Amino acid sequence: MSKDLFEIGGLKLDSRLFTGTGKYADDSVIPGICEASGSQVITVALRRVDMESTTGNVMDFIPKNMQLLPNTSGARTADEAVRIARLARAMGCGDWIKIEVISDNKYLLPDGYETARATEILVKEGFIVLPYVNADLYVARSLVDAGAAAVMPLGAPIGTNRGLQTREMLRILIDEITIPVIVDAGIGKPSEACEAMEMGADACLVNTAIATASDPVMMARAFGRAVKAGREAYLAGPGATQCHAAASSPLTDFLSGD
Amino acid sequence: MSFYPICAEYSGAPLTEIFAAATESDVRRALGKTLLGPEDFLALMSPAALPLLEEIARKASRLTEQNFGRTIQLFTPLYLSNYCTNHCVYCGFNAKNKIPRTQLTLKQLEEEAKAIASTGLKHLLILTGESRIKASPDYLDSCMGVLRKYFPSVSIEIYAMEQDEYARLVDAGVDGLTIYQETYDEELYAELHPRGPKRDFRYRLDAPERGCKAGMRVVNIGALLGLGDWHKDALITALHAAYLQDRYPEVDISVSLPRMRPHVGEFQPTSIVEDRDMVQVMLALRLFLPRLGITVSTRENAEFRENILPLGVTKMSAGVSTAVGGHSQDGDQVGQFDISDERGVEEMCEVLRKHGYQPVFKDWESITEPAKGAA
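Protein sequence lines, in the order shown, are assigned to chains E and U.
Taken in order, the first sequence gives residues 757 to 1014; the numbers are from my numbering.
Taken in order, the second sequence gives residues -10 to 364; the numbers are from my numbering.
Listed below in structure tokens is the structure:
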């Protein structure tokens, strides 16, 4: 099998697991997470970045070979997301940006309209934009039109570890959307990441489930393997499922005349 | 729109009887739910919940970790001024108390800001007494010109303001509002606030909502537990937080759980809030509002602060002085109240790490444009 590469913003990636930097008891575990998971893309909230810090900056723990995906956590409107993205670029965090526009702190659900607006502005400014959205076909199409590099629909609300609650909607996005679909948020167990990949998702982003595990490094490794397994299963083309048993000696064999 | 009718309804309800009537089944039902209502909070705050406290604590701990990770955001207060026109009987800055009154000049403020910033802290809470003439909106605006050079996040804990005054401070770079109702018992409130602008119960009660409308990112409320019936105050605090969270979903709502501490003056707490009571309140809050920020100050002693780390806390103060100029100015200043945990920032961080928690110094990036005329 030829190498199954995955391309975003002109970058070819071996790994289809994106990781994060939030909620760790100690950021020094981050290099171990990157290595164990095999991930090549890591998201970091710009609000946590402190280049002038004397007490430790999360950026110091991100291995240099990782593609940085700063995110706009804390933005409540498109304008705030745009300002945070520009700050991220000015601080040397690169051109990739994960748009998070959330004005509901209870459920942390993304605002599709404001996200699309921010995407449109930032794409024009040369950013590689990966927007975090609800699994909504119309929003996803508007993001494709706006020039997003991928769409990142949620499996369940952020941090809930409730799995692929939006399964049917994800399936539609995977079928209909021509740019990469990266399932972000809600994935609580490696088996759920595996399922998303089996369905044909291009990648998964997992943070809370790894960061809050008793052994985050071991969980990162498990997610790395699950994502690979799911991808291979998707490429292998799983057999169709049905409710009834299928006889191994087909009933219509005699029609072939042998 | 106002929280006042809800506050009045619960304030007038026979809460002692309602708490006493809650059963173990009510508590277990609340424990099993994902989305809890006020009746569940009542059950978790009732005596029937006490035998199940460990089980409740385990759930609270899981929820806290899931929502906030093993992190504690650090901040410290900076007292700008202790001039005050209020006569709050429980407060060290009470206008009647014969203490030296002072207000930082911008030069002194810069020294104070530098001293705090040198500890690595990035989240600041600025406080004043209630004197609109001394600590005027213009003065606060000027202070922000200094502070935003050092701190990406500045919250205020000052007198209750109008919505447009809060909005002006938001434009100047303030992103958080802390304002405590002290007690939600309107009659007791009148007794405790015999004179001064703070006497207006309803104006203060609606202040957090005015802050939400004005664009504050974080609004932190609370009652000073021990002033009145702590069961009632904790319940109405939780309902107030839920009210704000429901109506202003774009605002991070958090709650502080201050307990009465000794201070200059004669008033001492009449209702004693034991450690177990504090824990019960915190756990019930976490289950009722899983995304709620919970702040614990240095009013609490070091040992207690460490013990409650897994139970719901999200923010802690460190390296605290409650006196004006306490971080950089010479002389014997008098604090607003005595603190119990005098550990510096570095020591606090070591302790947090020892317990498996990451001290978070910075969790916001200022994105407001500098206000016109700001330094």
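Virtual Cβ for every residue (Gly too), placed ideally from N, Cα, C.
Because the structure is a prediction, the values reported are computed rather than measured.
Residues near residue i by beta carbon distance below 6 Å, same chain, minus five either side
i                 : result
THR117 of chain U : LEU69, SER70, ALA124 and ILE147
LEU341 of chain U : ILE61 and PRO348
GLY185 of chain U : THR74, ASN75 and HIS76
ASP352 of chain U : GLN62
GLY915 of chain E : THR964
GLY830 of chain E : ARG803
TYR139 of chain U : ALA102 and ALA106
GLU954 of chain E : GLY986, ALA989 and TYR990
GLY200 of chain U : TYR155, LEU166 and VAL208
ASP130 of chain U : ALA161
Where residue i falls, given that 16 or more other Cβ within 10 Å makes a residue buried
i                  : result
MET133 of chain U  : buried
TYR790 of chain E  : A quick correction: the sequence has Cys, not Tyr, at residue 790 of chain E. The residue in question, CYS790 of chain E, is buried, as its Cβ has 16 or more Cβ neighbours within 10 Å.
LYS361 of chain U  : Any reading at LYS361 of chain U must be qualified, since the residue scores a pLDDT of 46, below 50, and its modelled position is unreliable; no value is offered.
GLU28 of chain U   : exposed
ILE855 of chain E  : buried
THR53 of chain U   : buried
TYR863 of chain E  : exposed
ALA312 of chain U  : buried
ASP816 of chain E  : exposed
PRO936 of chain E  : buried
LEU95 of chain U   : exposed
ASP931 of chain E  : exposed
GLU339 of chain U  : exposed
PHE1010 of chain E : exposed
SER243 of chain U  : buried
LEU878 of chain E  : buried
PHE(-8) of chain U : buried
MET149 of chain U  : Met is not the amino acid found at residue 149 of chain U; the sequence shown has Ala there. The residue is buried, with at least 16 neighbouring Cβ atoms inside 10 Å.
Candidates the options: closest to residue i by CA position
i                 : options                                    : result
ASP806 of chain E : E:LEU961, E:VAL838, E:LEU843 and E:MET974  : E:LEU843
MET249 of chain U : U:TYR169, U:LYS202 and U:GLN318            : U:TYR169
TYR894 of chain E : E:TYR888, E:ASN917, E:GLU881 and E:GLY868  : E:GLY868
ASN290 of chain U : U:PRO299, U:PRO279, U:ALA307 and U:VAL135  : U:ALA307
ALA9 of chain U   : U:THR23, U:GLY21 and U:LEU31               : U:LEU31
PRO197 of chain U : U:ASP222, U:TYR232, U:ASP15 and U:TYR178   : U:TYR232
ALA801 of chain E : E:ILE853, E:THR1008, E:GLY788 and E:ILE933 : E:ILE853
PRO141 of chain U : U:ILE88, U:VAL163 and U:LEU158             : U:VAL163
ASP127 of chain U : U:LEU114, U:LEU136, U:ASN56 and U:GLU154   : U:GLU154
PHE979 of chain E : E:ILE966, E:ASP971 and E:VAL838            : E:ILE966
LYS221 of chain U : U:VAL159, U:ASP235, U:VAL270 and U:LEU110  : U:VAL270
ARG845 of chain E : E:ASP835, E:LEU991, E:VAL983 and E:ASN827  : E:ASN827
THR172 of chain U : U:PRO238, U:GLU100 and U:ARG191            : U:ARG191
ASN814 of chain E : E:GLY850, E:ALA896, E:VAL785 and E:ALA976  : In the sequence as presented, Asn is not what sits at residue 814 of chain E; that position holds Val. Looking at the Cα atoms, E:VAL785 is the closest of the given residues.
SER14 of chain U  : U:LEU41, U:GLY1 and U:MET(-10)             : U:LEU41
For residue j and residue i, the rounded distance between their alpha carbons
i                  : j                 : result
LEU276 of chain U  : LEU224 of chain U : 13 Å
LEU213 of chain U  : LYS85 of chain U  : 20 Å
ALA905 of chain E  : GLY215 of chain U : 56 Å
THR12 of chain U   : PRO994 of chain E : 53 Å
ASN83 of chain U   : GLU151 of chain U : 23 Å
VAL973 of chain E  : PRO946 of chain E : 13 Å
ILE1053 of chain E : MET34 of chain U  : Chain E is shown only over 757 to 1014; residue 1053 of chain E falls outside these bounds and no answer can be derived.
TYR346 of chain U  : LEU300 of chain U : 13 Å
LEU929 of chain E  : SER898 of chain E : 12 Å
THR811 of chain E  : ARG59 of chain U  : 17 Å
ALA837 of chain E  : THR922 of chain E : 25 Å
ARG193 of chain U  : GLU180 of chain U : 15 Å
PRO819 of chain E  : GLY788 of chain E : 10 Å
LEU298 of chain U  : ASP782 of chain E : 15 Å
Contacts that residue i makes with chain U (C-beta to C-beta distance below 9 Å)
i                 : result
ILE943 of chain E : None at all; the shortest Cβ gap to chain U is about 13 Å.
TYR780 of chain E : GLY58, ARG59, THR60 and GLN347
ARG977 of chain E : Within chain U, no residue comes near ARG977 of chain E; the closest Cβ sits about 20 Å away, beyond 9 Å.
ASN917 of chain E : GLN55
SER809 of chain E : GLY109, LYS111, PHE350 and LYS351
Residues of its chain near residue i, where Cβ-Cβ distance is below 8 Å and the 5 sequence neighbours each way are ignored
i                  : result
VAL939 of chain E  : MET908, PRO909, LEU910, GLY911, LEU920, LEU926, ALA949, ALA952, ALA957, ALA959, CYS960 and LEU961
MET1016 of chain E : Because chain E spans 757 through 1014 in this model, residue 1016 of chain E falls outside it and cannot be assessed.
SER144 of chain U  : PHE64, HIS112, LEU113, LEU114, ILE115, VAL163, ASP164, GLY165, LEU166, THR167, VAL207 and ASN209
Cross-chain neighbours of residue i in chain A, by beta carbon under 7 Å
i                 : result
GLU295 of chain U : Annotation note: the requested chain A is absent from the structure, which comprises protein chains E and U.
7 Å CB neighbourhood of residue i in its chain, flanking five on each side removed
i                 : result
TRP219 of chain U : SER260, VAL262 and ASP266
LEU228 of chain U : ILE(-5), TYR(-1) and PRO27
GLU876 of chain E : ALA902
Amino acids of chain E, ordered along the chain, whose beta-carbon sits closer than 7 Å to that of residue i
i                 : result
GLU54 of chain U  : THR968
TRP353 of chain U : ARG803 and GLY830
PRO197 of chain U : Under the 7 Å cutoff, chain E gives no residues; its nearest Cβ is about 15 Å from PRO197 of chain U.
Under 8 Å by beta carbon: chain U residues contacting residue i
i                 : result
ARG839 of chain E : ILE356
LEU878 of chain E : Under the 8 Å cutoff, chain U gives no residues; its nearest Cβ is about 15 Å from LEU878 of chain E.
Proximal residues of chain U, C-beta to C-beta of residue i below 7 Å
i                 : result
SER859 of chain E : PRO238 and GLU239
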